[in-house]
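A.B. asks:
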Amino acid sequence: MDLTGRQLALSFDNGPHPDVTPGVLDTLARFEARATFFVCGKDIAAPEQRALVARAKREGHRVGNHTQTHSIEFGACDDPGAPAREIEQAQGALGDLADPERWFRPYGAGGVLGPRLLSRAAVKHLVDGRYSCVLWNSVPRDWEDPSGWPERALADMATQDETLVVLHDVPTGAMAALATFIERVLAAGATLGDDLPHECIPIRGGLIEESIEGLVGPD
Ligand SMILES: [Zn+2]
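Everything in the sequence shown is counted per my numbering, starting at 615 for the first residue and increasing by one.
(1) For W717, write down the residues that DSSP places opposite it in a beta bridge.
(2) Check whether the Cβ of D770 lies closer than 7 Å to any heavy atom of ligand 1, and answer yes or no.
(3) Looking only at C-alpha atoms, which of H684, G678, P697, C691 sits nearest to L711?
(4) Is it right to say S557 is buried, meaning 16 or more other beta carbons lie within 10 angstroms of its own, or is it exposed?
(5) If you run the structure through DSSP and keep just helix, strand and coil, what is E776?
(6) Three-state secondary structure (DSSP) at G674?
(7) How would you call A801, buried or exposed, if buried means at least 16 neighbouring beta carbons within 10 angstroms?
(8) Any residues whose CB sits closer than 6 Å to a heavy atom of ligand 1? List them in chain order?
(9) In terms of alpha-carbon separation, which member of G637, L810, S761, V726 lies closest to T650?
(10) Report the partner residues of T805 according to the DSSP bridge assignment.
(11) So, does the region 659-668 touch the region 687-694, judging by three or more C-beta pairs under 8 Å?
(12) Using the Cα positions of V753 and V741, report the straight-line distance between them to the nearest angstrom.
(13) Could you check which residue in P832, P764, V748 has the C-alpha nearest to that of L821?
(14) What do you reckon, are the CB atoms on G725 and W750 nearer than 8 Å?
(15) Assuming contact is defined by CB atoms lying nearer than 8 Å, are T777 and R620 in contact in what I supplied?
(16) Please name the residue in H680, A736, D808 whose C-alpha comes closest to that of G831.
(17) What number of angstroms, rounded off, separates the C-alpha of E823 from the C-alpha of L732?
(18) Quick check on D657: does DSSP put it in helix, strand or coil?
(19) Hey, would you say G807 sits closer than 8 Å to A623, going by beta carbons?
(20) Name the one or two DSSP bridge partners that T641 has.
(21) In three-state terms, what does DSSP make of A650?
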């Protein structure tokens with residue numbers, strides 16, 4: 615496969631996990647690669663969990679907010695207070711682990727880009743709070759297929775110049791394939807970096823920069 619000139623950015627959601635995240639960080643360090651970690655408020659209450667996120671931050675990775683409970687799709691929720699609660703509780707839990715850019719990734723079951731992701735209340739909250747909303751353009755479903763996901767990620771890379779892939783540093787076994795995946799990406803001529811594709815950041819620092827049509831559910 616020839617992926618010359620293509621760019622890949624890695625993101626890891628739903629961690630940290632003590633059995634998985636250290637290995638992911640070790641692998642990233644080995645390749646001198648920077649990535650973005652989206653963590654949920656509920657998962658960073660314990661000191662050992664916070665320590666893993668602090669390590670990620672110290673090693674140059676972005677740390678973002680992935681909601682408090684990872685259970686509410688804003689576009690499919692009729693509680694108008696849910697976005698403020700889910701976003702602010704997690705941001706408070708992150709505290710000084712959060713980046714000044716206030717990266718936020720919504721919860722979307724199955725990683726589907728669609729109207730269940732956001733609501734008008736959620737968009738208003740992100741704009742008012744000057745958040746940067748980070749989506750994705752590759753979901754190789756590592757949780758379903760711990761050994762086969764790299765093929766789908768590479769296939770996605772072949773269709774677009776810049777790929778932001780969603781992976782999960784949770785104990786599915788999928789992260790055992792991370793190092794060989796990165797080796798294949800580099801061997802195919804692509805570059806691994808931490809520039810996020812513009813099209814994946816519809817809201818940047820509170821400004822709506824890309825169309826959010828299709829991502830906002832009915833009120
Ligand atoms: Zn998630």
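In this text, a Cβ means the ideal position worked out from N, Cα and C, and glycines have one as well.
C.D. replies: Looking at the atomic coordinates:
(1) S746
(2) no
(3) G678
(4) The structure shown has nothing for residue 557, since the chain only spans 615 to 833.
(5) strand
(6) coil
(7) exposed
(8) D627, N628, H680, H684, Y721
(9) L810
(10) Q621
(11) no
(12) 26 Å
(13) V748
(14) yes
(15) yes
(16) A736
(17) 16 Å
(18) helix
(19) yes
(20) DSSP output for T641 lists no bridge partner at all.
(21) Before going further, note that residue 650 is Thr rather than Ala in the sequence given. Three-state result, T650: strand.
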